[in-house]
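Residue numbers (the working numbering), protein chains in the order written: chain A, 1 to 493; chain B, 1001 to 1266. C-beta atoms are modelled at their ideal positions from N, C-alpha and C, and glycine is treated no differently. Remarks on the structure that follows.
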Amino acid sequence: MFACIHSRSVPGAGASEALVELAFTFSPLVELTRADTVVFDVAGQDLLFGKVLDVHADGDLFFRLAATIAQRARQVNVKANICIAANPDTAIHAARLLSQTTIIHAGDELTHLGLLSIKQLDCSLAAVEQRQAEEIYETFALWGVRTFRDLAELPLAGVAERLGQEGVRLQQLAQGRTDRALNLVRPPIGFEQSLELEHAVSELEPLSFILSRLLNQLCANLNEHALAANELRLQLVTEKCGQWPVAGGQQQDANTRDLSDANQPLTDHLPLTADHYLRIITLPVPMRNPKTLLRLLLFEIEREPPLAPIVAITITAEPVQPRAAQTGLFIPLAPEPEKLEITLARLAKLVGRENVGSPELLDTHRPDAFRVKRFSVTSARKKSRSNPRSAGGNPQSVMGFRIFRPPCLAQVHTSKGRPIHVDARAKLSRKLSGQIVRAAGPWRGSSDWWRTDVWARDEWDVAVFDAQQGGEVLCRIYRDLISEQWFVAGIYD
Amino acid sequence: MNAVAKKEIEAQIVDRLGHVFERNEKRPREILRSGIGEIDQEWGGFPRGAITEIHGTASCGRTSLMLATLAAATAGEETCAVIDCSDTFDLSSATRAGVNFDHLLWVRCNHNLERAFKSTDLLLHGGGFGFIALSLADMPPPTLRRIVSTWWFRFRRAVEDTPTVLLVMTPTVCTRSCAAMALELKNESAMWPATAKFITPEEYYVPAPDNPAAKHLSLVSGDERNREPAAVPSHAHFLATSTIRLNRERPVEWTNQIIRFISSRA
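Written as structure tokens, this is what we have:
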């Protein structure tokens, strides 16, 4: 049996979604026939609405079911007409064209629909085009066929001979004998898991159990649809809000609060309202392994823990197609993306996120201008070589340089503008002091004069006799032309 | 007791006790080319699945050797990592050496030795890296002496049976018996360009009239005076020569090799 809900409310935004949601409360097999009409399979509702004992009891069952549908429709402010029939197309016609709730058993179709005009037959249900249907209706008018019953009682062979398959399908539609499967509405796939906690969680270990449970369900959903996640969003709701009053009457968010003022206790300015923490983890490759995702989430929370106990958790996954990799015998060794991501997360926790990654030189003349970007094996393989010198190998061995960050302030003695003695101490390293035995330079460099951090320097390559090592140390020193100070930029090694 | 005497004693007792003092080490079968012709022709390269130590004083060529190997490894599309304990890895010289940064993971440890070792441990156990360089070259020797030897044994255990080359750069000997190969580098000399002639004796200066771009070159120390000017890059500042001593059977046998590095500014 099939039930049809035809909305007689004013169609608006979200009306069809409301109808579909209403239908999904009764059955997973739902067809959205039109924006104001849904039809769904109501077979197997006897556990809810009573068993089918005979025809009379069957009627009672479906009347109760129709009453329940009407009641729920009223609850969601949908003014609807409902019909339950053995055939979905019959249910649709009855719901649209009859004025009250109708139950139509198999064989009783013409009893209820027989007097309806033939022009009210929905030809789209029989897969007949509107233009073609109008021609057929003209033929029916010439024949004197005006109602469903007139069409249903025509001989099948004659209809097929004169009107073809379209006429036969229209006749079956009028008879209520069509046989078609519902064009099902796919329920929206939800890759979001959330949980509200009765007691706030303030430690990582119990939180990991909760996250594990949510991630297992999330990954099971992804696996069921043969998808993977390339982004995870973790939203934590904590007990206390982090709105700190600042000067000028403005509010400052807890996450951006400057914690350098250690004299003020954190809890003094915390009103007892909810606060939200959002963490977004972008994955380099699509993943659906709950253990890997759990570790990444825990590392992320450990790196920047929330300031208050957690009362609610929501994890959302961005579904994408899973990774398809073709391996080969001659592909060089590379870390597994999942393991690499965990390793990078651990390294970021250990040394800081800004200190882990793939380096990239900036397109500027400023010395030691670089940035650190995210390291990824897959992107490295897709990209062309960033350094053209590496393509054909480097036939000559270039001397390496070890740069001091920041440059080491030095005392340099000069003679006729040339350095003759240097005295410096690098950070946490050995002292560099001695006579300059050879020097080359200066090489002048300057740029960014249009900016506040203008730089200009005279660089020298010098050999310093280091008495501690008993040999020469080749290093690069420079005189900052802005501050008129000498620095050791680094050593050649 | 020196190494030679130790070997003599072992030879005398081998009849009674057998080869009990022989190292039970698996010789690495695969190697990673160092990118320096002299080393690759002589020794093949660096052993995979083992620790290689490069030690020497400042300006001895440790970083140059590491960069050459890094360039060769990244050119072969191997995934590499540099654990930079002192944050002194220079990207400009690495670029000139031919390092492909797309295949390089750079970990800066901000002078924290413990972080450097933990990072190395994480990468070794993570697996998949072809070349990992642990740079301790700027750490003072008293700090290096505080390294407990169990770290090196742990690294040796983690890296064996993997195709990873773990290269450790130190100012002094650190890894000792845990390294399958130890290289000692020593700075022999540096040859200076013409702009240094106020310090360099005038007779060392060799002009290159047929190559105006080479006017900054004065590659004129010892045998290098007879070299063709065109064979040298035009923007070179100086050549640094290093002697490498290789120790395979520590500390019994050393082999000498000379390599030259060119300091250039592109």
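Next item on the list: Find the nearest neighbour of V1173/B within the set R1156/B, T1057/B, R1115/B, judged by alpha-carbon distance.
Entry: T1057/B
Next item on the list: Taking all protein chains shown into account, decide if D1084/B is buried (16 or more other Cβ within 10 angstroms of its Cβ) or exposed.
Entry: buried
Notebook entry, point to check: Should R131/A be listed as close to the ligand SAH, given that the test is whether its C-beta is under 7 angstroms from any heavy atom?
Noted result: Absence of the ligand SAH is noted for the structure shown, with no ligands found whatsoever.
Checklist line | Near-chain A residues of the region 1086-1105 of chain B - C-beta to any C-beta below 9 angstroms | finding: S1086, D1087, T1088, F1089, D1090, L1091, S1092, S1093, A1094, T1095, R1096, A1097, G1098, V1099, N1100, F1101, D1102, H1103, L1104, L1105
Notebook entry, point to check: Between N1211/B and chain A, is there a C-beta pair that is closer than 8 angstroms?
Noted result: With a pLDDT of 37 at N1211/B, under the threshold of 50, the predicted position of this residue should be treated as unreliable, though the coordinate-derived value follows. Output row for N1211/B: interface = no.
Next item on the list: For R469/A, go through chain B and note every residue whose CB falls closer than 7 angstroms to its CB, in chain order.
Entry: In the sequence on display, residue 469/A carries Gln and not Arg. The answer, in chain order, is T1057, A1058.
Note to self: Which residue wins for smallest C-alpha separation from L283/A, given the options P319/A, T314/A, V454/A?
What the structure shows: P319/A
Next item on the list: To the nearest angstrom, report how far apart G1130/B and V30/A are at their CA atoms.
Entry: Those two C-alpha atoms are separated by around 56 angstroms.
Check: For D89/A, which of I482/A, Q75/A, G176/A, A35/A has the nearest alpha-carbon?
Finding: G176/A
Check: Between the region 1034-1044 of chain B and the region 1154-1171 of chain B, do at least 3 Cβ pairs fall closer than 8 angstroms?
Finding: no
Check: Does any CB atom of chain A fall closer than 8 angstroms to the CB of A1145/B?
Finding: Here residue 1145/B is Arg; the residue named in the question, Ala, does not match the sequence. Not an interface residue.
Next item on the list: Could you give the DSSP three-state label for G490/A: helix, strand or coil?
Entry: The answer is strand: DSSP assigns G490/A an E or B state.
Next item on the list: Please classify P284/A: does DSSP put it in a helix, a strand, or coil?
Entry: strand
Check: When you compare only the Cα positions, how much space is there between V1148/B and R1154/B?
Finding: 11 angstroms
Item checked: Reduced DSSP secondary structure (H/G/I, E/B, other) of Q193/A -> strand
Note to self: Against chain A, which members of the region 1124-1135 of chain B pass a CB distance test of less than 7 angstroms?
What the structure shows: Taking 7 angstroms as the cut-off between beta carbons, the residues of the region 1124-1135 of chain B near chain A are G1126, G1127, G1128, F1129, G1130, in sequence order.
Checklist line | Residue from R476/A, D448/A, R169/A whose Cα sits closest to the Cα of W460/A | finding: R476/A
Next item on the list: Report the three-state DSSP secondary structure of I1132/B (helix, strand or coil).
Entry: strand
Next item on the list: May I ask which residues mark the beginning and end of the alpha helix (DSSP H) holding G44/A?
Entry: Neither: G44/A is in no alpha helix (DSSP H) and is coded neither H nor E.
Next item on the list: Tell me whether S358/A is buried or exposed, calling it buried when 16 or more other Cβ atoms sit within 10 Å of its Cβ.
Entry: buried
Check: Whose Cβ in chain E lies nearer than 8 angstroms to the Cβ of P1163/B?
Finding: Here the protein chains are A and B, and chain E is not one of them.
Checklist line | Beta-carbon gap between V464/A and I436/A smaller than 8 angstroms | finding: yes
Notebook entry, point to check: Can you find a CB in chain A that lies within less than 8 angstroms of the CB of L1122/B?
Noted result: yes
Note to self: Give me the chain A residues within the contact set of A1137/B, using Cβ-Cβ distance strictly less than 9 angstroms, ordered along the chain.
What the structure shows: R402, D493
Checklist line | Nearest candidate by alpha-carbon position, reference F26/A, set S9/A, R64/A, D36/A | finding: Out of S9/A, R64/A, D36/A, the CA that lies nearest to the CA of F26/A is found in R64/A.
Check: Does DSSP classify F26/A as helix, strand or coil?
Finding: coil
Check: Looking at the C-beta of M500/A, does it have a partner C-beta in chain B at a distance below 8 angstroms?
Finding: This structure does not reach residue 500/A, given that chain A is present from 1 up to 493, and the question cannot be answered.
Next item on the list: Please classify H1055/B: is it buried, with 16 or more other beta-carbons within 10 angstroms of its beta-carbon, or exposed?
Entry: buried
Checklist line | Beta-carbon neighbours of E300/A, restricted to chain B and to distances below 7 angstroms | finding: Chain B residues near E300/A: none, gap ~17 angstroms exceeds 7 angstroms.
Next item on the list: Apply the 10 Å Cβ neighbour rule to Q411/A and answer buried if 16 or more other Cβ atoms are within range, or exposed otherwise.
Entry: exposed
Check: Under 8 angstroms, do S202/A and I313/A count as touching if we go by C-beta distance?
Finding: no
Next item on the list: Within its chain, find whatever has a CB closer than 6 angstroms to the CB of R323/A; leave out the 5 residues flanking it on each side and keep chain order.
Entry: V285, P286
Check: How big is the Cα-Cα spacing for M399/A and T1063/B?
Finding: 8 angstroms
Note to self: Which residues does DSSP list as the beta-bridge partners of R438/A?
What the structure shows: A463/A
Next item on the list: Check whether the region 341-352 of chain A touches the region 292-308 of chain A, counting contact only when three or more Cβ pairs, one atom from each stretch, lie closer than 8 angstroms.
Entry: yes
Item checked: Cβ-Cβ distance between I104/A and A95/A below 8 angstroms -> No, these two residues do not count as a Cβ contact at 8 angstroms.
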